[in-house]
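Inspection log for the structure reproduced underneath, given as structure tokens.
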Amino acid sequence: MHNAIPILLLAVLLLLPAIVSAEENGLAMECYKNGILRIGSTANDKSVSAPDKRELIDYDSLIKTEGTDDKIRRAGSSVTEKTCGAFKIKISGGYLNPNPQGRLGFGSFPVVSITYGKTSIVENYNIQSCEKNDEGYYEDCPEKWVNGIALLPPDALPSGASDPRAKLYVSFDRSYSEAKYVPLSPTVTP
Numbered sequence: 000m001h002n003a004i005p006i007l008l009l010a011v012l013l014l015l016p017a018i019v020s021a022e023e024n025g026l027a028m029e030c031y032k033n034g035i036l037r038i039g040s041t042a043n044d045k046s047v048s049a050p051d052k053r054e055l056i057d058y059d060s061l062i063k064t065e066g067t068d069d070k071i072r073r074a075g076s077s078v079t080e081k082t083c084g085a086f087k088i089k090i091s092g093g094y095l096n097p098n099p100q101g102r103l104g105f106g107s108f109p110v111v112s113i114t115y116g117k118t119s120i121v122e123n124y125n126i127q128s129c130e131k132n133d134e135g136y137y138e139d140c141p142e143k144w145v146n147g148i149a150l151l152p153p154d155a156l157p158s159g160a161s162d163p164r165a166k167l168y169v170s171f172d173r174s175y176s177e178a179k180y181v182p183l184s185p186t187v188t189p
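Quick note on numbering: the sequence shown equals residues 0 to 189 in numbering that gives the first Met the number 0.
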């Protein structure tokens with residue numbers, strides 16, 4: 000019985016990261032009373048005040064599939080629409096390969112479009128980090144791949160809406176990794 004408690008504690012500690020990271024599988028969207036909108040990894044930044052509304056969108060559930068068992072294929076995505084002040088946000092699920100078993104078929108990501116009033120601000124941006132590598136996936140990371148987006152309407156800026164030059168402020172959080180395969184010489188052993 001004495002061994003059961005440490006084993007149970009160890010099991011809980013091992014499962015805790017999986018439970019906590021389950022939230023990371025959705026797209027975080029935060030809306031603030033002053034009209035600020037943050038989506039993606041920027042929404043997880045603890046350096047700003049708490050949002051008035053935080054929502055986690057399960058973009059995987061938006062992806063449509065067809066077929067059965069080992070013949071399953073992704074077949075597009077439905078779209079969910081959200082609002083935050085004057086912002087209208089459309090979110091769908093994206094993927095690189097409709098075959099989940101094929102090359103680059105394992106992953107999915109949220110695809111976001113945002114309008115402010117009648118002005119399109121962001122169209123079909125993929126919210127996920129990008130890996131540049133020499134295996135032909137990406138020579139350069141596409142411009143429309145970002146980790147997060149933050150948008151501030153003119154009245155949330157210090158100059159305020161009274162300034163005729165006031166514009167919408169859009170911030171893209173980008174990061175990428177780079178991977179290479181390096182051939183080993185015959186004299187090197189792992």
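Glycine is no exception: its CB is placed at the ideal position from the N, C-alpha and C atoms.
Coil, strand or helix - residue i by DSSP
i, result
"residue 180", "coil"
"residue 109", "strand"
Cβ neighbours of residue i in the same chain (closer than 6 angstroms, five flanking residues each side left out)
i, result
"residue 79", "90"
"residue 170", "149"
"residue 29", "37, 42, 50, 53"
"residue 32", "51"
"residue 35", "151, 155"
For residue i, the residue or residues it bridges with in DSSP
i, result
"residue 38", "28, 148"
"residue 73", "64"
"residue 54", "28"
"residue 170", "149"
Host beta strand (DSSP E) of residue i (start-end)
i, result
"residue 124", "118-126"
"residue 91", "86-94"
"residue 81", "78-83"
Close-in-space but distant-in-sequence residues of the same chain around residue i (CB under 7 angstroms, 5 per side omitted)
i, result
"residue 143", "123, 124, 125"
"residue 96", "102, 103, 104"
"residue 72", "64, 65, 66, 97, 98"
"residue 83", "30, 36"
"residue 116", "85"
Residues near residue i by beta carbon distance below 8 angstroms, same chain, minus five either side
i, result
"residue 74", "63, 64, 65, 97"
"residue 234", "In the structure as shown, the chain starts at 0 and stops at 189, and residue 234 therefore has no counterpart that could be examined."
Query raised in the report: Is the segment 52-68 touching the segment 90-106 in the sense that three or more CB pairs, one from each, lie closer than 8 angstroms?
Result: yes
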